Structure formats: structure tokens, C-alpha cells
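Here the sequence shown stands for residues 187 to 522, numbered as in my numbering. Quick reminder that beta carbons are idealized off the backbone N, C-alpha and C, glycines included. Model, not experiment: these values are computed from the prediction. First up is the structure itself, then whatever we jot down about it.
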Amino acid sequence: RDRSRAVAGVLARRGIGPGATVGLALPRSLDSIVALFAVLRTGAAYVPLELDHPDERIAAIVADARPDAVLTVSTVTPRLTGGPDLIELDRPLPDDAEPCVTFAPGDPNRLRHPAYTIYTSGSTGRPKGVVTEYAGLTNMLVNHQRRIFEPVLARHGHRTFRVAHTVSFAFDMSWEELLWLADGHEVHICDEELRRDAPRLVAYCLEHGIDVVNVTPTYAQQLLAEGLLDDPARRPALVLLGGEAVTPALWTRLAGTEGTVGYNLYGPTEYTINTLGVGTFECPDPVVGVAIDNTDVYVLDPWLRPLPDGVPGELYVAGVGIARGYLGQPAQTAHR
């Protein structure tokens with residue numbers, strides 16, 4: 187926490203605050219979390235730069251997002267030439283890097299400032315930035331505390347949970363684990379090799395008593411095949427699923443495992459993290475669930491008329507979590 191506040195102070199002295207943007211170009215490590223929350227402490231927005239991506243894509247995102255600064259490390263700096271101000275977190279911070287926060291709690295518009303911009307490829311293949319506000323992020327935390335955290339924690343004596351962070355920060359799904367951190371729980375950052383290696387990840391979860399894993403249904407099947415749920419004394423309390431349809435077999439397995447809950451979450455990038463969700467303790471079938479708090483969903487026909495239950499249509503979403511829009515693309519924003 188102290189280091190995050192110190193990095194926030196470095197950013198603030200460079201004029202970073204609400205409305206500003208900071209790129210994150212960091213290997214998966216504790217510094218990833220330090221940097222991300224340092225940006226949020228200033229009230230600015232972060233843009234994750236996925237180091238697995240080609241330099242050309244990183245350069246395209248930097249050119250489009252135009253961050254006011256980039257938090258990085260010296261080994262990555264050569265890949266960021268010709269860009270904005272670079273702050274290397276593996277170098278000593280300036281002597282005047284005292285804790286400093288520019289995010290004023292009394293600002294009535296504080297939740298309407300951008301919190302992050304996530305880039306998707308879009309239908310054209312060109313990186314397209316989706317700008318998400320603090321309001322949606324706050325709503326997601328409150329929803330999860332009520333609908334997921336409390337029911338699961340109550341089954342385990344409201345103890346502090348250990349959460350494995352396995353999702354790329356370039357996806358908003360990475361916030362599933364960070365919301366637990368914001369709620370006071372312990373998050374383990376799995377490096378690139380560990381998070382992609384099913385046998386090693388299962389071994390890590392069992393050795394460290396991991397309570398929560400957040401993966402796609404396909405990866406969940408691999409983890410189960412490696413024995414994630416086999417030991418009643420060490421199996422996780424919660425398996426979060428997202429990014430794909432959940433198979434009936436996986437849902438049934440999770441629902442039938444004593445001491446473990448499965449929770450399916452669905453949502454487009456244009457809505458903050460999730461739009462719909464449901465747990466194995468709420469429904470016997472692997473559906474996409476019900477709308478999260480302060481969110482409405484509609485199934486409409488091509489003429490925007492509501493359709494009866496069971497009739498296929500297009501899903502429309504409204505609520506506090508709607509993204510501000512596509513960065514620098516007002517026509518695309520208006521179309522969507």
C-alpha cells in the first residue's frame with residue numbers, strides 16, 4: 187500500500203489526475219498491482235499494454251490512447267521508444283516521491299471520470315479502446331460483495347480468502363480477482379508461465395490453499411482434469427467462469443462438489459466487467475444468469491420490440507456500467 191501511494195505521488199507531481207491516462211507496460215508481478223492502484227489513487231485511468239503482443243500493436247495502442255505517462259520497467263523500455271514520459275518502477279523513486287492523492291472524495295463527478303481503457307481488436311482488426319468509468323467499477327464491487335462474496339464467505343466462516351490472479355490485465359475479466367483485493371482479501375499474482383500451465387497451476391492452488399480461481403470454462407475443464415477438486419480439504423471454495431459458454435457437464439460437476447461453488451459471469455467489454463451472472467447455488471442449469479445490480483437487459487427483435495420468453499433475439503443492455511464509449515471514435519460509439 188505504501189509503495190502504491192508513493193507511485194501515485196510520482197504521478198501526481200507530473201500532473202496526473204482525473205481525466206489523465208497512464209499506460210501500464212509491466213510483466214506480471216506485484217508491481218502490476220502497485221502500478222494499477224497507484225493510477226486509481228490519482229483518479230486517472232489506466233491503459234494496459236500487453237507485453238505478449240507484438241511491438242506494432244503496443245505502438246498502435248499508445249498512439250491511439252496517448253497516455254500522459256507509462257509505468258514500466260527498464261527491460262521493457264526499449265519497446266516503448268518515441269512515446270510518452272516513462273517511469274521505471276525498478277529504479278529508485280524520486281526523493282520527493284511522498285504519498286500524494288489527487289482524487290478528491292468530495293468531487294461530485296468523481297465516479298464519472300474514466301477508470302480504464304481496454305482495447306479490443308474489433309471487427310476491423312484495428313485496436314479499439316473501450317473507456318470505462320469509475321461508476322461502473324464501483325457498482326461491480328457492490329454487486330459482487332452482495333451476490334458472490336457474502337454467500338460464499340458465509341459458507342466458510344467469513345475468513346480471508348486467497349485468490350489466484352490468472353487473467354491478463356489486458357482484459358476487464360482481470361478485475362474479478364482485483365475486486366477481492368479491494369474487499370480486503372489476499373491475491374496471488376500468477377506469472378505468465380504459471381497461469382498457462384494447468385498442472386503447475388493446480389499444484390500451486392493446492393499448495394497455497396487458494397480459495398478462488400477465475401478462468402474460462404475450457405481452462406476450468408483442464409484444471410479439473412488435473413485434480414483441482416479432488417482433495418476435499420484443499421479444493422477452492424469458488425470457481426469463477428467467464429468468456430465462454432459453460433457446458434452442462436462442468437456446471438453439474440461444480441454443483442455436485444461439496445464445499446465448492448461455481449459462478450458464471452457474462453458481459454461484453456462495452457459494459458463494465460459483467461452484465462449477467464448466476465451461481466450453482468442459484469440455478470441447476472448453466473445459464474448466463476440475471477442482470478447485476480443497477481442493470482437492465484432486454485431481448486429485442488430487429489425493430490427493437492421486446493420478444494417473448496424463449497424467442498431468439500439480440501441482447502440490449504442498459505445501466506450504470508455502460509462504458510463511456512470507444513476512445514476517439516464517436517461514430518462507432520453512436521452506432522453501438
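query: Buried or exposed (CB count within 10 angstroms, at least 16 for buried), Tyr305; result: buried
query: Nearest to Gly526 (by Cα), restricted to the options Ala211, Gly442, Thr458 and Trp489; result: The requested residue 526 does not occur in the structure, where the chain is confined to residues 187 to 522.
query: Buried/exposed call for Asn295, threshold 16 Cβ in 10 Å; result: exposed
query: Within 9 Å, strictly: CB atoms of Tyr302 and Asp358; result: yes
query: CB contact flag (His371, His394, <9 Å); result: no
query: Minimum C-alpha distance to Ala509 - residue among Gly229, His299 and Ala251; result: His299
query: Alpha-carbon spacing of Thr318 relative to Thr438, whole angstroms; result: 34 Å
query: Segment limits, beta strand (DSSP E) that includes Arg298; result: That residue, Arg298, is in no beta strand (DSSP E); it is neither H nor E in DSSP.
query: From Glu362, Arg243 and Thr263, residue whose alpha carbon lies closest to that of Gly428; result: Glu362
query: Strand pairing of Thr258, partner residues [DSSP]; result: Ala211 and Glu274
query: Same chain, Cβ closer than 6 Å to Ala504, five either side skipped, listed in chain order; result: Asp482
query: In chain order, each alpha helix (DSSP H) run of at least 4 residues that lies wholly inside the segment 403 to 457; result: 403 to 411 and 434 to 441
query: Gly209 and Val256 closer than 9 Å at C-beta; result: yes
query: Gly229 in three-state terms, based on DSSP; result: coil
query: Whole-number beta carbon distance between Pro253 and Thr207, since they are thought to touch under 8 Å; result: 5 Å
query: For Ala206, the three-state DSSP class (helix, strand or coil); result: coil
query: Best match in Ala245, Asp276 and Ala230 for proximity to Leu216 [C-alpha to C-alpha]; result: Asp276
query: Whole-Å CB distance - Thr602 paired with Ala477, under 8 Å assumed; result: Given that the chain is displayed from residue 187 to residue 522, the structure contains no residue 602 and the question cannot be resolved.
query: Cut-off 6 Å between Cβ atoms - residues of its own chain near Gly465, not counting five sequence neighbours on either side; result: Val447 and Tyr449
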